[in-house]
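Straight run, no breaks: the sequence shown in the numbering used here ends on number 130. All C-beta atoms, glycine included, are put in the ideal place defined by N, C-alpha and C. Nothing here was measured: the structure is a model prediction, and the numbers come from that model. Report on one structure; see the data block that follows.
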Amino acid sequence: MNPTDTPPDGDFSRLIEQQLELAAARLPALHPAEVHPAPEDHEEVAVAHPSLEDVLLGNAEPTQEMLEELAALEAAPELSEDELARQALADGGADEDPSTPE
């Protein structure tokens with residue numbers, strides 16, 4: 029675009045505003061008092077479970093399942109370095125290649 033093609037200041041903004049007004053006029057009005065479809069009429073989206081990071085940052089409360097899992101991890105015996113090495117060599121990783129263990 030060269031300077032002669034550039035529209036005068038404000039014309040582009042007015043055009044955008046007009047387009048937004050036209051689009052808004054075509055949208056159906058949402059009235060809070062109207063009855064919306066029942067949950068049986070559409071699929072409900074499940075709320076994501078809080079992550080450990082969310083709980084540690086204070087953004088969410090831990091679930092009972094999360095607390096039970098943490099308790100089980102704390103009660104589990106520690107693995108020796110030999111056992112960790114054995115498990116790493118036994119796992120071929122995402123590429124299932126035993127020559128490149130995880």
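Check: Between the C-alpha atoms of Leu101 and Glu111, what's the straight-line distance to the nearest angstrom?
Finding: Between the C-alpha atoms of Leu101 and Glu111 there is a straight-line separation of about 17 Å.
Note to self: Measuring only the C-alpha atoms, how far is Gln115 from Ala122?
What the structure shows: The straight-line gap from Cα to Cα measures roughly 14 Å.
Next item on the list: Grab the span of the alpha helix (DSSP H) containing Leu107 for me, first residue to last.
Entry: That residue, Leu107, is in no alpha helix (DSSP H); it is neither H nor E in DSSP.
Notebook entry, point to check: Quick one: Cα of Glu97 to Cα of Leu84, how far?
Noted result: Distance between Glu97 and Leu84, taken at the CA atoms: about 15 Å.
Checklist line | Residue range of the alpha helix (DSSP H) that includes Leu84 | finding: Leu84 -> alpha helix (DSSP H) spans Leu80 to Leu84.
Notebook entry, point to check: So is the beta-carbon of Gly120 under 7 Å away from any non-hydrogen atom of the ligand HEM?
Noted result: The ligand content of the structure shown is nil, which means the ligand HEM is not present either.
Checklist line | Three-state class that DSSP yields for Ala88 in the structure shown | finding: DSSP places Ala88 in coil when its eight states are reduced to three.
Notebook entry, point to check: If you draw a straight line from the alpha carbon of Gln47 to that of Phe40, how long is it in whole angstroms?
Noted result: Their backbone Cα atoms lie some 11 Å apart in a straight line.
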